[in-house]
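Undergrad: Structure below; questions to follow.
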């Protein structure tokens, strides 16, 4: 089995080759742990940002709700997480406009 990170020999990691006695799963585990740590650091920065930031999953359910948007909306992260952003949190008269803005943002327009 070849290393998934390089076209080189097995037992490689993104930062170099491991001695041949190491198992392939060890570099994969290391990368997984590093990716998890980076994601946690990113979410910590987002949570502490001085601007309101929210995120949704592909179904439009809230997955990220930082401290600033919680302060401005007076809805805690626990109150909104997993709720539909459009259906549950946006006023009915604004839903169409917000949906259009989100669709444009997602498509890069």
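Numbering (the working numbering), first residue to last: 318 to 426.
In this text, a Cβ means the ideal position worked out from N, Cα and C, and glycines have one as well.
Note that the structure is predicted; figures quoted are calculated from it, not measured.
Whole angstroms is fine: what's the gap from residue 348's alpha carbon to residue 422's?
TA: Reading the chain shown from its first residue, position 31 is the one you call residue 348. Reading the chain shown from its first residue, position 105 is the one you call residue 422. In a straight line, the C-alpha of residue 348 is about 31 Å away from that of residue 422.
Undergrad: Residues in the same chain with beta-carbon distance under 6 Å from residue 386, minus the five sequence neighbours each way, listed in chain order, please.
TA: Residue mapping note: residue 386 aligns to position 69 of the chain shown, counting from 1. Answer for residue 386: 369, 371, listed in chain order.
Undergrad: How far does the beta strand (DSSP E) with residue 380 in it reach, from first residue to last?
TA: Along the chain shown, read from residue 1 onward, the residue named residue 380 stands at position 63. Counting along the chain, the beta strand (DSSP E) containing residue 380 begins and ends at 379–382.
Undergrad: Which residues in the same chain have their Cβ closer than 7 Å to the Cβ of residue 400, if we skip the five residues on either side of it in sequence?
TA: Here residue 400 is taken as the residue at index 83 of the chain shown, counted from 1. If we look at residue 400 and ignore the five residues flanking it on each side, its Cβ neighbours are 378, 379, 406.
Undergrad: Mark residue 402 as exposed unless 16 or more other C-beta atoms lie within 10 angstroms of its C-beta, in which case mark it buried.
TA: Along the chain shown, one-based indexing puts residue 402 at 85. Flag for residue 402 reads buried.
Undergrad: Express the C-alpha separation of residue 363 and residue 412 in angstroms, rounding to a whole number.
TA: Numbered from 1 along the chain shown, position 95 holds the residue referred to as residue 412. Numbered from 1 along the chain shown, position 46 holds the residue referred to as residue 363. The straight-line gap from Cα to Cα measures roughly 25 Å.
Undergrad: How many Å lie between residue 355 and residue 375 at the Cα?
TA: Numbered from 1 along the chain shown, position 38 holds the residue referred to as residue 355. Numbered from 1 along the chain shown, position 58 holds the residue referred to as residue 375. Rounded to the nearest angstrom, the two C-alpha atoms are 22 Å apart.
Undergrad: Give the secondary structure of residue 393 by DSSP, where H, G and I count as helix, E and B as strand, and everything else as coil.
TA: For this step, residue 393 is matched to residue 76 along the chain shown. Three-state DSSP puts residue 393 in coil, outside helix and strand.
Undergrad: Helix, strand or coil for residue 401? Go by DSSP, reduced to three states.
TA: As a first step, residue 401 must be located in the chain shown, where it is residue number 84. Three-state DSSP puts residue 401 in a strand.
Undergrad: Please return the same chain residues whose Cβ sits closer than 7 Å to the Cβ of residue 393, not counting the five positions on each side in sequence.
TA: The sequence position of residue 393 within the chain shown is 76, counting from 1. 387.
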